[in-house]
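Undergrad:
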Amino acid sequence: MYQLHYWPTPNGKKVSILLEELGVAYEVVPVHIGRGDQFTDGFLKISPNNRMPALVDTAPTAGGEPISVFESGAIMLYLAEKEGRFWPQDTRTKYEVVQWVMWQMANQGPKTGERGHFSRVPPEHGDQSYAQRRFADETHRLYGVLNNRLYDRPYLAGEEYTIADMISYPWTASWKLQGIDLDEFKYFKRWFEELSARPAVEKGMAVTAGVPAEDPATLPPEEQARRRKLLYNQRARPAPVA
Ligand SMILES: N[C@@H](CCC(=O)N[C@@H](CS)C(=O)NCC(=O)O)C(=O)O
């Protein structure tokens, strides 16, 4: 059985899409990141970077203790390898997939994430136009990278639909909010529409953490301030005393 430590964000949905595509049983363990669940000792044991998603495989192939994996890219590789699907193993295609998984983790995820972050900075923090422009441009550039890649092949790694596609898709689902005009990127658009129509992608994108939605604006001001600090002013945690 797989336990998916999850909150419904693009990084979480990469893994729920793959689990749905695989059709395997899994249990969602909510990690309410707004409230601070990612800092509990139990969660830090499986995800020392205090970020979700994380995966626990309670039945590893070779038996023994459960295996836990953090970082969505590593989770995608773990699941695809274990289940023997969506990651072709001939050397050429294998590394096409690895390169695009790395590209997503090092470029599309972080840059698009910062675009969103700087677009939400409250006015009391001053002029954010440099950062907003920088990450909007990067986001646009990265859509161009996808578009140019997809003009002469159906999927990111070539002829087959793989984890490289699944890991990149959720960050593009909000293309409109990201200020992207789909008609500027017609090869990307073809890929996006095809993936959006896959039942497992639809199901994976709709996975919730089973926790009722909460409007942060309705919380007491002290709790709102605590949560802002917790998310946006993270500093190093002291190492345990030996
Ligand atoms: N590189 C990580 C990024 C994960 C990540 O940034 N997760 C966010 C939600 S999308 C998170 O857990 N944030 C909690 C926090 O900032 O404390 C991955 O792909 O798994």
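Each step along the sequence shown adds one to the number in numbering that gives the first Met the number 0, with nothing skipped, and position 24 is 23.
For each residue, glycine too, the CB sits at the ideal point set by N, CA and C.
Less than 8 angstroms between the beta carbons of G11 and P52, yes or no?
TA: Your numbering for residue 11 matches position 12 in the sequence shown. Your numbering for residue 52 matches position 53 in the sequence shown. Yes, the Cβ-Cβ distance between G11 and P52 is below 8 angstroms.
Undergrad: Can you check DSSP and say which residues form a bridge with Q233?
TA: For the purposes of this step, residue 233 is identified with residue 234 of the sequence shown, where counting begins at 1. For Q233, which the question treats as bridged, DSSP gives no partner whatsoever.
Undergrad: At a cut-off of 7 angstroms, would you count N147 as near ligand 1, judging by its Cβ distance to the nearest heavy atom?
TA: Your numbering for residue 147 matches position 148 in the sequence shown. No, since every heavy atom of ligand 1 falls outside the 7 angstroms radius drawn around the Cβ of N147.
Undergrad: Return yes when at least one heavy atom of ligand 1 lies under 7 angstroms from the C-beta of I32, else no.
TA: Here residue 32 refers to the residue found at position 33 of the sequence shown. Within the cutoff, so yes.
Undergrad: For A172 versus W99, is the C-beta spacing smaller than 8 angstroms?
TA: Locating residue 172 in the sequence shown gives position 173, counting from the first residue. Locating residue 99 in the sequence shown gives position 100, counting from the first residue. No, the pair does not count as a contact, with Cβ atoms beyond the cut-off.
Undergrad: Evaluate contact between the segment 12-19 and the segment 211-226, counting only Cβ atoms and requiring at least three cross-stretch pairs below 8 angstroms.
TA: no
Undergrad: For ligand 1, I want to know if N10 counts as a neighbour, meaning its beta carbon is within less than 7 angstroms of at least one of the ligand's heavy atoms.
TA: By 1-based counting over the sequence shown, the position of residue 10 is 11. Result yes, Cβ under 7 angstroms from ligand 1.
Undergrad: Mark M75 as exposed unless 16 or more other C-beta atoms lie within 10 angstroms of its C-beta, in which case mark it buried.
TA: By one-based count along the sequence shown, residue 75 stands at place 76. It counts as buried.
Undergrad: Which ranges would you report for the beta strand (DSSP E) in the segment 65-101 if only whole runs of at least 3 residues count?
TA: 66-69
Undergrad: Looking at the structure shown, is G209 part of a helix, part of a strand, or coil, going by DSSP?
TA: To locate residue 209, count along the sequence shown from 1; it is residue 210. Reduced to three states, the DSSP call for G209 is coil.
Undergrad: When the Cα of L17 is compared with those of Y168, I179, F117, which residue comes out closest?
TA: For the purposes of this step, residue 17 is identified with residue 18 of the sequence shown, where counting begins at 1. Among Y168, I179, F117, the Cα nearest to that of L17 is on Y168.
Undergrad: Would you report the Cα separation of K81 and T60, rounded to the nearest angstrom?
TA: The residue you call residue 81 lines up with position 82 of the sequence shown. The residue you call residue 60 lines up with position 61 of the sequence shown. Those two C-alpha atoms are separated by around 7 angstroms.
Undergrad: Going by DSSP, what residues sit across from D56 in a beta bridge?
TA: By one-based count along the sequence shown, residue 56 stands at place 57. According to DSSP, D56 bridges with Y1, I66.
Undergrad: G33 by DSSP, collapsed to three states: which one?
TA: Residue numbering aside, residue 33 sits at position 34 when the sequence shown is read from its first letter. Three-state result, G33: coil.
Undergrad: My understanding is that F38 touches N48, with C-beta atoms under 8 angstroms, so please give their C-beta distance in whole angstroms.
TA: As a first step, residue 38 must be located in the sequence shown, where it is residue number 39. As a first step, residue 48 must be located in the sequence shown, where it is residue number 49. That pair is no contact at about 11 angstroms.
Undergrad: Tell me the DSSP secondary structure of E158 in three-state form.
TA: Here residue 158 refers to the residue found at position 159 of the sequence shown. Note: E158 maps to coil in three-state DSSP.
Undergrad: Closer than 7 angstroms to a non-hydrogen atom of ligand 1 - does that hold for the CB of Q37?
TA: Along the sequence shown, read from residue 1 onward, the residue named residue 37 stands at position 38. Q37 Cβ: within cutoff of ligand 1.
Undergrad: Given a cut-off of 8 angstroms on the beta-carbon distance, is the pair V55 and Q107 in contact?
TA: By 1-based counting over the sequence shown, the position of residue 55 is 56. By 1-based counting over the sequence shown, the position of residue 107 is 108. At a Cβ-Cβ threshold of 8 angstroms, V55 and Q107 do not count as neighbours.
Undergrad: Give a yes or no on whether the C-beta atoms belonging to E19 and K202 are separated by under 8 angstroms.
TA: Position 20 of the sequence shown, counted from the start, is the residue given in the question as residue 19. Position 203 of the sequence shown, counted from the start, is the residue given in the question as residue 202. Result yes, Cβ atoms of E19 and K202 sit closer than 8 angstroms.
Undergrad: What does DSSP give as the partner residues of V27 in its beta bridges?
TA: Looking up residue 27 in the sequence shown gives position 28. DSSP lists L3 as partners of V27.
Undergrad: With a threshold of 6 angstroms on Cβ separation, who are the neighbours of V96 within its own chain once the five nearest residues in sequence on each side are excluded?
TA: Numbered from its first residue, the sequence shown carries residue 96 at position 97. Result list for V96: W86, A156, T161, A163, in chain order.
Undergrad: Do you know offhand how far R197's Cα is from Q177's?
TA: Residue numbering aside, residue 197 sits at position 198 when the sequence shown is read from its first letter. Residue numbering aside, residue 177 sits at position 178 when the sequence shown is read from its first letter. R197 and Q177: Cα-Cα distance of roughly 23 angstroms.
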